[in-house]
Amino acid sequence: MMTVKIAIAALGLALQGLTLFGGAAFADGDAAKGEAKFQECAACHKLEAGINNVGPSLHGVFGRKAGEIADFRYSPAIKRSGITWTPDTLDAFIKEPQAMVPANRMPYAGLADPAARADLIAYLQKAFP
Ligand code: HEC
1 MMTVKIAIAA LGLALQGLTL FGGAAFADGD AAKGEAKFQE CAACHKLEAG
51 INNVGPSLHG VFGRKAGEIA DFRYSPAIKR SGITWTPDTL DAFIKEPQAM
101 VPANRMPYAG LADPAARADL IAYLQKAFP
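Per my numbering, the very first residue in the sequence shown carries number 1; after that it's consecutive.
Laid out in structure tokens, this is it:
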């Protein structure tokens, strides 16, 4: 009986670990609210592959390297940033784009509200799981 209890406790810990690994900070984001918030970005970014606007397409953004869309003219700052887009790096970037990548050419001041960023990221994660 004792071993079963220990096994259950260990399983609980393992599951907790998994949630943390999955990015607990964004797990609370509300994708529906994020879709509304994305309208701010949609002025410049499309989610469809291959459609660049003022900004590059954000299709499949997670796992992509910054500045990798061949037919978009990025700033040198974005190209040499060495960033790979993950929920964490995207969170830091939209919080204050000029702080994370000085001299980038994205005309967006930043989104200070962490809950709004989490919603936005939840929406993008839903679009590109
Ligand atoms: C007014 C236009 C504009 C708005 C609004 C805007 N962006 Fe951008 N975005 C750009 C431009 C232009 C670039 C390219 C910047 C560069 O090359 O320095 C860019 C780059 C990016 C990149 C890097 C893409 C890549 O391929 O490496 C991401 C990610 C991004 N934007 C996300 C967002 C999100 C999320 C929002 C909304 C919170 C947003 N942007 C709002 C114009 C915009």
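Each residue gets a CB set at the ideal place from its N, CA and C atoms; glycine is no exception.
Check                                                                                             : Outcome
Distance CB(D119)-CB(K65) smaller than 8 Å                                                        : no
Same chain only: Cβ atoms within 8 Å of I69, ignoring 5 sequence neighbours per side              : N52, P56 and S57
Alpha carbon of L124 to alpha carbon of G29, nearest angstrom                                     : 11 Å
M100 versus G60: straight-line alpha-carbon distance, rounded                                     : 21 Å
Distance CB(A31)-CB(K126) smaller than 8 Å                                                        : yes
Close Cβ partners of G110 (< 7 Å) along its chain, the five nearest in sequence each way excluded : I94, K95, E96 and P97
Beta-carbon proximity list for K79, same chain, < 7 Å, skipping 5 on both sides                   : G67
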